[in-house]
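Participant:
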Amino acid sequence: MFLNTVKTLLKDPKFRSLLYLTTLTLASGTFFYHSVEGWSWLDSFYFSVITLATVGYGDFTPQTDLGKIFTVIYIFLGLGILVGFVTPIGEYLIDKRMENIDKKMREKENSQIKNQKNPETEYQTRINLSGIIGKLKGKK
Numbered sequence: 551m552f553l554n555t556v557k558t559l560l561k562d563p564k565f566r567s568l569l570y571l572t573t574l575t576l577a578s579g580t581f582f583y584h585s586v587e588g589w590s591w592l593d594s595f596y597f598s599v600i601t602l603a604t605v606g607y608g609d610f611t612p613q614t615d616l617g618k619i620f621t622v623i624y625i626f627l628g629l630g631i632l633v634g635f636v637t638p639i640g641e642y643l644i645d646k647r648m649e650n651i652d653k654k655m656r657e658k659e660n661s662q663i664k665n666q667k668n669p670e671t672e673y674q675t676r677i678n679l680s681g682i683i684g685k686l687k688g689k690k
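Going by the working numbering, the first residue of the sequence shown is number 551, and it counts up by one from there.
1. Since Tyr-583 contacts Ser-567 with CB under 8 Å, what's their CB separation in whole angstroms?
2. Is it buried or exposed, Tyr-673, if we count other Cβ atoms within 10 angstroms and call 16 or more buried?
3. According to DSSP, is Thr-621 helix, strand or coil?
4. What do you get for Phe-635, buried or exposed, if any count of 16 or more other CB atoms within 10 angstroms of its CB means buried?
5. Which residue marks the beginning of the alpha helix (DSSP H) containing Val-556, and which one marks its end?
6. Using alpha carbons as the reference points, say which of Asn-554, Leu-569, Lys-561 lies closest to Thr-637.
7. Just reading off the alpha helix (DSSP H) that Ala-603 is part of, what are its end residues?
8. Let me know if Gly-630 comes out buried or exposed under the rule of 16 or more other beta-carbons within 10 Å of its beta-carbon.
9. Can Leu-602 and Leu-632 be called in contact, C-beta distance under 9 Å?
10. Taking the C-alpha atoms as reference points, what is the distance between Tyr-607 and Tyr-596?
11. In the structure shown, what three-state DSSP assignment does Trp-589 receive?
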């Protein structure tokens, strides 16, 4: 379902721009930490992701002054970009869920209406049946 959501959202140019911007943000963080802090590519990418996701396990911390300054700026800018990217995904999933709930509610209401007995119609049917039964009894 998540991949279908992303496929659908990729048709939107605004969402594609947010995806590119998010990718660029993660790539720039990864490159920076690899270059300045001397971490491996994987460790640099890992730190970039957990920093923007605000997980912050504490297993990596910038040791250089430049790394610390960059991290502060990276968090403020990157977090805004990441939230901008994730929000449309959440909105789309919620909208789809609400559509499904609404559809089920309408189906249930229609089913109840079809199965609901109408007192006037039921009364008229009984009168008609009693008349038919009376005629049939009279023919004996």
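The C-beta atom is built at its ideal place from N, Cα and C for all residues, glycine as well.
Predicted model, so just to flag it, every value in this text is computed and none were measured.
Facilitator: Working from what's here:
1. Between Ser-567 and Tyr-583 the Cβ distance is about 25 Å, and since that is not below 8 Å, they are no contact.
2. Counting Cβ neighbours within 10 Å, Tyr-673 comes out exposed, since fewer than 16 surround it.
3. The answer is helix: DSSP assigns Thr-621 an H, G or I state.
4. Buried, because 16 or more other Cβ atoms sit within 10 Å of the Cβ of Phe-635.
5. Annotation for Val-556: the continuous alpha helix (DSSP H) segment containing it runs 552-559.
6. Its Cα nearest to that of Thr-637, the residue Leu-569 stands out among Asn-554, Leu-569, Lys-561.
7. Looking at the DSSP string, Ala-603 is not in any alpha helix (DSSP H), and its letter there is neither H nor E.
8. Exposed, because fewer than 16 other Cβ atoms sit within 10 Å of the Cβ of Gly-630.
9. For Leu-602 and Leu-632, yes; Cβs fall inside 9 Å.
10. Per the coordinates, the alpha-carbon of Tyr-607 lies some 11 Å from the alpha-carbon of Tyr-596.
11. It is coil, neither helix nor strand.
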